[in-house]
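K.L.:
Protein chains in written order, with the working numbering: chain A, 1 to 482; chain B, 1001 to 1482. By construction, the Cβ of each residue, glycine as well, lies at the ideal position given by its N, Cα and C atoms. Model, not experiment: these values are computed from the prediction. Just passing along the structure, written as structure tokens.
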């Protein structure tokens, strides 16, 4: 455990409390992992040049408040309460500590080696040389006009026709959801429908302020009969969807269901929130029309991001917003962070304008397709699991675990073995689920890691089928490390 | 008027409605200014290669819906409803259209010539060369640890002792307010106290979700007797403050009042939100201790930003958050935008670490002090106005207009004369005010512009004192341009 904090001896705060606050925060924020060993009292005393009795006082308080546990003769360890998850707990997504050493099947972010950094370095230097300080001023809250024009022009290739005046530049798709939340906040009551399971960012964002109703998901999209029943019984205001390579299942909706939901949006007068970050990532010439391309009556708020198609670090995406909502969205963006970085907006504009996006997507698709096929073939060899959907693109594979294996417990087991996945509990809106699916993404891992990681998954599943009763115990981990 | 939009003839949307949407949005978003002349029907028809009857249909609809007005023989003009403000209206801050040609006393952002762009270009290239794609990944939601450590170290110079674990990196101070709003949202009810007038960003952010109570402001801070009465009658949860060079008045609190509010925070158990973006900008060795430096009981959430001390385009600031709130703030940041730009965080870390901030602040102070003294001396020559406070630093001067001159009307008049200021109405929490103050900032303007701009203000005030009845009319502007 690396102690990255400072103890101020000249501070009015007592030293043992400074030490307590710092270690407690490392545990709460995930910098210190469950069951990680803490430095010895003597080590800390030497490092910070403080009395061992002071450190002892800190450790006693940490133990008393359930942050650490002591094993006689072995030392002190971080308690798992915030990090490992019980079989019934709904984990909070930003509490997952993905360590660098882990094989990371949880992240859906492309490997950094695939980012077009040389191109961006050149473009950014051009901007520095030509615009200087102007690139570092506040920019228009709605977003750089030239960038919105370029996006509007590019969207024609996807049969989406929109004016730059209906485009809002955002700091990635999570901010787009957050801006919609801000406009919902102004309403008296809001009812929202979403598939179950669905993207956890949407659940976390909207469940605080809207009545959420879930619709079961099928191979070709949500169940339309169930949806219509809900629409007849409730005044639904918004439906959140991802119709192409949906997270977490990888499902793509049929054209028939896409048409149907647009029909419903008119008939029952609701707005569709379409999250469309992955539709260009098809691997077999399958059709991935977004709803927005068929949206003749302007019922769709469309969200897209460059995090997965270029790189997350430029923190840019965009929304297409119908006329009746655009002023509110601009006001929400102002109150969120005034405006997005001008330098990155200018750089993205030039990147798109010069035609760098299309070859970049081709490069990504080539790399992803290879990893997709490898992942799929390795998973298909594991007899303990089922793959209910075989996506033809995107970044996710949804895995059904053998009966009786709780996905949170399996998450804990893999975590201990330095493999990160996401358990289905983060994607469900309610607790009535069986919790025996996991989401595996092949975006961030290398082919070598895929092979090694799936081998660990396979072995763990074999272990499970051999000695079920042992793995059922929730305190599996603490037994394991003793 | 520049028509920066596209008409798609192959779109399913009718052309006259596309044109309508685009012009309407230019008006609503402030790209088209009130009383600006629209292109003639023939000009539009030629530009977009469409029928004149189509354009006529659009203009008729725009007129019907009160976006434009026609003057026979002169053409069509943008109606002022969204841009110019009536004497009783509370204007929304992001609706102010500051045009490039304006003399901008409204903005508090330093002139772009003062930004340390060469240093940042060098640092950013170093990061590209040494870290490549890694700088463009998602970063820790709380913020780059090295940056938090450097900030924690620098803060010791201001007698603020904090662990990096209590620091949250944000995209500027507006985002810090927004994150606090998110944690307030989770409470049942919240009561917040702030000075009247106060920073509009705080009013806009918090008034939606908290009961806001205002306290009168005096030369040396808010009225403490009034505050204590409020605290006795209400369970107050938060007090929003800016104790050094407060916006909009430029007031700095006395040490006595600073101590008093900290005492109250313990006695009445509330949290202080301290917005401290300007305290280093003192011009005469006056003391500008932040509350946080005296905060022994951790009752202060401290907010600071690099927008005014370096440049706004890096979109970075930070908060110091007490232990009991830090986990909630990190979760709020995650749901706002996952994390701030890694490249900019790394660049800021190196900028601070290499000691570039201190000379940059000295450079800014020298430039600001000259402009401050010029502004003050020119304003003091105008006999129609009063300056109730003479700040000894910061970026704002608060001006009391002559009796009977409404600040919104004066805003409109100056706007027409291409001078931007902010009327007091944006800084008040309620409508009971007299509305005869304006805020003038000298941050963004040159010395030449200050001289020219204040001359225009002076002449306009002289005009007012000569023919009062004429200027009283709210439709002053439309008379003026006919």
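Compare the beta carbon distance of residue 303 of chain A and residue 276 of chain A with 9 Å and say whether it is the shorter of the two.
P.N.:
Yes. Within cutoff.
K.L.:
Which residue from A/412, A/326, A/5, A/116 puts its Cα closest to that of residue 34 of chain A?
P.N.:
The candidate whose alpha carbon is nearest that of residue 34 of chain A is A/412.
K.L.:
In whole angstroms, what separates the C-alpha of residue 300 of chain A from that of residue 1215 of chain B?
P.N.:
Their backbone Cα atoms lie some 44 Å apart in a straight line.
K.L.:
Between residue 83 of chain A and chain B, is there a C-beta pair that is closer than 9 Å?
P.N.:
Caution applies to residue 83 of chain A, whose pLDDT of 47 falls short of 50 and renders its modelled position unreliable; the model cannot decide the point.
K.L.:
Taking buried to mean at least 16 other C-beta atoms within 10 Å of its own C-beta, is residue 1166 of chain B buried or exposed?
P.N.:
Classification for residue 1166 of chain B: buried.
K.L.:
Less than 8 Å between the CB atoms is what I'm expecting for residue 323 of chain A and residue 1025 of chain B, so what's the real figure, rounded?
P.N.:
Contact flag correct, Cβ pair sits at about 7 Å.
K.L.:
Touching or not, the stretch 202-221 of chain A and the stretch 367-375 of chain A, by the rule of three or more beta carbon pairs under 8 Å?
P.N.:
They do not touch, by the three-pair rule.
K.L.:
Does any residue of chain A have a CB that is nearer than 9 Å to the CB of residue 1242 of chain B?
P.N.:
With 9 Å as the cut-off, residue 1242 of chain B does not count as an interface residue toward chain A.
K.L.:
Is DSSP giving residue 132 of chain A helix, strand or coil here?
P.N.:
Note: residue 132 of chain A maps to helix in three-state DSSP.
K.L.:
Would you say residue 441 of chain A and residue 112 of chain A are within 9 Å of each other, going by their C-beta atoms?
P.N.:
Cβ distance not < 9 Å, so residue 441 of chain A and residue 112 of chain A don't count as in contact.
K.L.:
Roughly how many whole angstroms lie between the Cα atoms of residue 1381 of chain B and residue 133 of chain A?
P.N.:
Taking the straight line joining both Cα atoms gives about 34 Å.
K.L.:
Using DSSP bridges, identify the partner residues of residue 450 of chain A.
P.N.:
Residue 450 of chain A pairs with nothing; no bridge assigned.
K.L.:
Leaving out the 5 sequence neighbours to the left and right, which residues in its chain are closer than 8 Å to residue 280 of chain A when beta-carbon positions are compared?
P.N.:
Closer than 8 Å at Cβ, skipping near neighbours: 288, 309, 361, 365.
K.L.:
Taking only beta-carbon positions, decide if residue 275 of chain A is within less than 9 Å of chain B.
P.N.:
Chain B contact via Cβ: absent.
K.L.:
By Cβ distance, which residues of its chain are closer than 8 Å to residue 127 of chain A, with the 5 residues on each side in sequence left out?
P.N.:
135, 343, 346, 347, 350.
K.L.:
Look at the alpha carbon of residue 327 of chain A and the alpha carbon of residue 318 of chain A, and state the distance between them as a whole number of angstroms.
P.N.:
If you take the alpha carbons of residue 327 of chain A and residue 318 of chain A, they lie about 15 Å apart.
K.L.:
Could you tell me which whole alpha helix (DSSP H) segments of length 4 or greater appear in the stretch 1398-1469 of chain B?
P.N.:
Fully enclosed alpha helix (DSSP H) runs of 4 or longer: 1407-1416, 1447-1466.
K.L.:
Between B/1197, B/1209, B/1291, which has its C-alpha nearest residue 1427 of chain B's C-alpha?
P.N.:
With distances taken between Cα atoms, residue 1427 of chain B lies closest to B/1197.
K.L.:
Starting from residue 1185 of chain B, find everything on chain A with Cβ-Cβ shorter than 9 Å and list it in chain order.
P.N.:
Going along chain A in sequence order, the residues near residue 1185 of chain B (Cβ under 9 Å) are 185, 208, 209.
K.L.:
Which residue or residues does DSSP assign as beta-bridge partners of residue 209 of chain A?
P.N.:
DSSP lists no partner for residue 209 of chain A.
K.L.:
Here's the rule: buried if 16 or more other CB atoms are within 10 angstroms of the residue's CB, otherwise exposed. What is residue 1397 of chain B?
P.N.:
The residue in question, residue 1397 of chain B, is buried, as its Cβ has 16 or more Cβ neighbours within 10 Å.
K.L.:
Using the rule of at least 16 other Cβ atoms within 10 Å of the residue's Cβ for burial, across every protein chain shown, is residue 492 of chain A buried or exposed?
P.N.:
Nothing about residue 492 of chain A can be read from this structure; chain A reaches only from 1 to 482.
K.L.:
Run the CB neighbour count on residue 420 of chain A, radius 10 Å, all protein chains shown included, and call it buried at 16 or more, exposed below.
P.N.:
Classification of residue 420 of chain A: buried, given that the 10 Å Cβ count is 16 or more.
K.L.:
May I ask you to report which of helix, strand or coil DSSP gives residue 290 of chain A?
P.N.:
Reduced to three states, the DSSP call for residue 290 of chain A is coil.
K.L.:
So, are the CB atoms of residue 1436 of chain B and residue 1403 of chain B less than 9 Å apart?
P.N.:
Yes. Within cutoff.
K.L.:
Name the residue from A/249, A/162, A/306, A/227 whose alpha carbon lies nearest to the alpha carbon of residue 388 of chain A.
P.N.:
Per the Cα distances, A/249.
K.L.:
Is there contact here, the stretch 1237-1244 of chain B with the stretch 1260-1274 of chain B, by at least three beta-carbon pairs under 8 Å?
P.N.:
Yes, the stretch 1237-1244 of chain B touches the stretch 1260-1274 of chain B.
K.L.:
Return no unless some Cβ of chain B is closer than 9 Å to the Cβ of residue 393 of chain A.
P.N.:
No, no contact with chain B.
K.L.:
Can you find the residues in the same chain that come closer than 8 Å, C-beta to C-beta, to residue 124 of chain A, ignoring five residues on each side of it along the sequence?
P.N.:
Excluding residues within five positions, the ones whose Cβ falls inside 8 Å are 343, 347.
K.L.:
Do residue 1422 of chain B and residue 1460 of chain B come within 9 Å of each other at the CB atom, strictly closer than that value?
P.N.:
Against a cut-off of 9 Å, the Cβ pair of residue 1422 of chain B and residue 1460 of chain B comes out as no contact.
K.L.:
For residue 1122 of chain B, does the three-state DSSP call read helix, strand or coil?
P.N.:
Residue 1122 of chain B falls in the helix class under three-state DSSP.
K.L.:
Can you confirm whether residue 164 of chain A, when its beta carbon is compared against all beta carbons of chain B, has any partner nearer than 9 Å?
P.N.:
Yes, contact with chain B.
K.L.:
What does a CB cutoff of less than 7 Å around residue 1162 of chain B pick up in its chain, not counting 5 residues either side in sequence?
P.N.:
If we look at residue 1162 of chain B and ignore the five residues flanking it on each side, its Cβ neighbours are 1152, 1155, 1320.
K.L.:
Please classify residue 1307 of chain B: is it buried, with 16 or more other beta-carbons within 10 angstroms of its beta-carbon, or exposed?
P.N.:
By the neighbour-count rule (16 or more Cβ atoms within 10 Å), residue 1307 of chain B is buried.
K.L.:
Pull up the DSSP beta-bridge partners for residue 191 of chain A, would you.
P.N.:
In the DSSP output, where bridge partners are listed per residue, residue 191 of chain A has A/211.
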